[in-house]
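Peer 1:
Residue numbers (our numbering): 1 to 179.
Spelled out as structure tokens, the structure:
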């Protein structure tokens with residue numbers, strides 16, 4: 001969820017060709033990319049597409065994750081529009097929804113963990129201590145996730161918790177050296 005310059009996200013995707021989970025993750029990535037590129041209307045288009053995905057193609061586990069993804073993208077759209085308070089309320093709703101989901105092994109569901117996204121939002125709002133807590137929560141659910149470790153390092157450094165920042169960076173370096 002960092003390769004925003006990749007043009008694959010600019011291609012139209014026929015959501016009927018993929019599972020609900022795959023379509024939801026593609027639309028989330030496209031929406032987040034649009035926001036990073038300053039194209040909020042395009043992100044709103046992706047949110048509308050997310051809301052219109054057919055239920056017929058879904059399994060129960062996919063239906064559980066889709067509302068979380070919708071809240072994530074909605075929160076980021078609100079944030080991009082400068083409605084920060086609404087964005088924080090909406091992302092907290094996504095966190096609450098995700099907390100109710102069972103933890104499964106494998107890649108994160110949704111593909112951009114909610115607490116990680118929330119932490120990034122809080123860092124932009126200059127709330128590093130609260131962001132640090134969100135990155136810790138993300139790491140509880142998805143241990144050793146590189147972007148959550150990076151976020152923890154950044155938030156900890158900004159909060160003046162340099163020892164925590166160094167530990168997070170060391171863990172990140174270890175992961176990178178193993179790849």
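Ideal Cβ positions, reconstructed from N, Cα and C, are used throughout, including at glycine.
Everything numeric in this text was worked out from a predicted model, so none of it was measured.
Could I get the ranges of all uninterrupted alpha helix (DSSP H) runs contained in the region 78 to 152, with 4 residues as the minimum, in chain order?
Peer 2: Runs of the alpha helix (DSSP H) inside the region 78 to 152: 84 to 99, 114 to 124, 128 to 141.
Peer 1: Which residue's Cα is closest to the Cα of residue 149: 160, 173, 128?
Peer 2: 173
Peer 1: In the DSSP assignment, the alpha helix (DSSP H) including residue 30 goes from what residue to what residue?
Peer 2: 20 to 36
Peer 1: Identify whether residue 45 lies in helix, strand or coil by the three-state DSSP scheme.
Peer 2: Residue state for residue 45 is assigned as helix, using DSSP reduced to three classes.
Peer 1: Checking 7 Å against the spacing of the C-beta atoms, do residue 28 and residue 73 come in under that value?
Peer 2: Cβ atoms of residue 28 and residue 73: closer than 7 Å.
Peer 1: Short of 6 Å in beta carbon distance, which residues of its chain neighbour residue 178, apart from the five on each side in sequence? Order them along the chain.
Peer 2: none
Peer 1: Just to confirm, is the Cβ distance from residue 193 to residue 35 under 7 Å?
Peer 2: Only positions 1 to 179 of the chain appear in this structure, which leaves residue 193 out of reach.
Peer 1: Note down the Cα distance separating residue 57 from residue 19, rounded to an integer number of angstroms.
Peer 2: Unreliable positioning characterises residue 57 in this predicted model, as indicated by a pLDDT of 48, which lies under 50. The coordinate reading is nonetheless provided below. For residue 57 and residue 19, the distance between alpha carbons rounds to 6 Å.
Peer 1: Mark residue 84 as exposed unless 16 or more other C-beta atoms lie within 10 angstroms of its C-beta, in which case mark it buried.
Peer 2: exposed
Peer 1: If you compare alpha carbons, which of 156, 64, 37, 147 is closest to residue 113?
Peer 2: 147
Peer 1: Using a Cβ-Cβ cutoff of less than 6 Å, which residues in the same chain neighbour residue 153 once the five nearest sequence positions on both sides are dropped?
Peer 2: 165, 168, 169
Peer 1: Do residue 123 and residue 80 have their C-beta atoms closer together than 7 Å?
Peer 2: no
Peer 1: Determine whether the beta carbon atoms of residue 151 and residue 119 lie at a separation below 7 Å.
Peer 2: yes
Peer 1: What is the residue span of the alpha helix (DSSP H) that residue 176 lies within?
Peer 2: 162 to 178
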